[in-house]
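In my numbering, the protein residues as written are -3 to 169.
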């Protein structure tokens, strides 16, 4: 690592190639999900690269590296804990609409008519912004190029349009 800090790219590449199998083995021992092992190893390699300037050549390399390994594993554990706190596991998805009669196409035509009416009540700029972003599925950048308006102006127009649509649709139903 000391040679890599001094700009020796070949030594740095050699170090990473030699450390990667060790990192995989270490992460596999400490992490229960095989699917995430490679992601953690990649995060560790990125951290090694990002923080290589903090390595002190007068000290041992392995403890420095293992500190980074421990911290990246802890980061992944926190990330998974946050994610799993918001997830609901479902073994069997219950059938909600068993009969075909519950899925008639007539309801959608009524919904489309109400939506068309509500869109018609919007100012032209807001209506066009909603059509491009929400209906046509354009990105804000694409819509900006097409409409010659800034992305920020389009975001504001869409936000205001959706707020107005909620009010209009609430009155219509």
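Every residue, glycine too, gets a C-beta built ideally from N, C-alpha and C.
Report the CB separation of residue i from residue j in whole angstroms; it is logged as a contact under 8 Å.
{"i": "residue 69", "j": "residue 26", "result": "6 Å"}
{"i": "residue 161", "j": "residue 110", "result": "The Cβ separation is near 10 Å, so there is no contact."}
{"i": "residue 123", "j": "residue 157", "result": "7 Å"}
{"i": "residue 11", "j": "residue 41", "result": "With 8 Å as the limit, residue 11 and residue 41 do not qualify as a contact, their Cβ atoms being about 11 Å apart."}
{"i": "residue 55", "j": "residue 1", "result": "Between residue 1 and residue 55 the Cβ distance is about 13 Å, and since that is not below 8 Å, they are no contact."}
Please report the residue range of the alpha helix (DSSP H) in which residue i lies.
{"i": "residue 165", "result": "147 to 168"}
{"i": "residue 143", "result": "136 to 143"}
{"i": "residue 121", "result": "120 to 126"}
{"i": "residue -1", "result": "-2 to 1"}
Give the secondary structure of residue i by DSSP, where H, G and I count as helix, E and B as strand, and everything else as coil.
{"i": "residue 112", "result": "helix"}
{"i": "residue 84", "result": "coil"}
{"i": "residue 4", "result": "coil"}
{"i": "residue 79", "result": "helix"}
{"i": "residue 117", "result": "coil"}
Alpha helix (DSSP H) segments (min. 4 residues) lying fully within the region 7 to 72: 30 to 46
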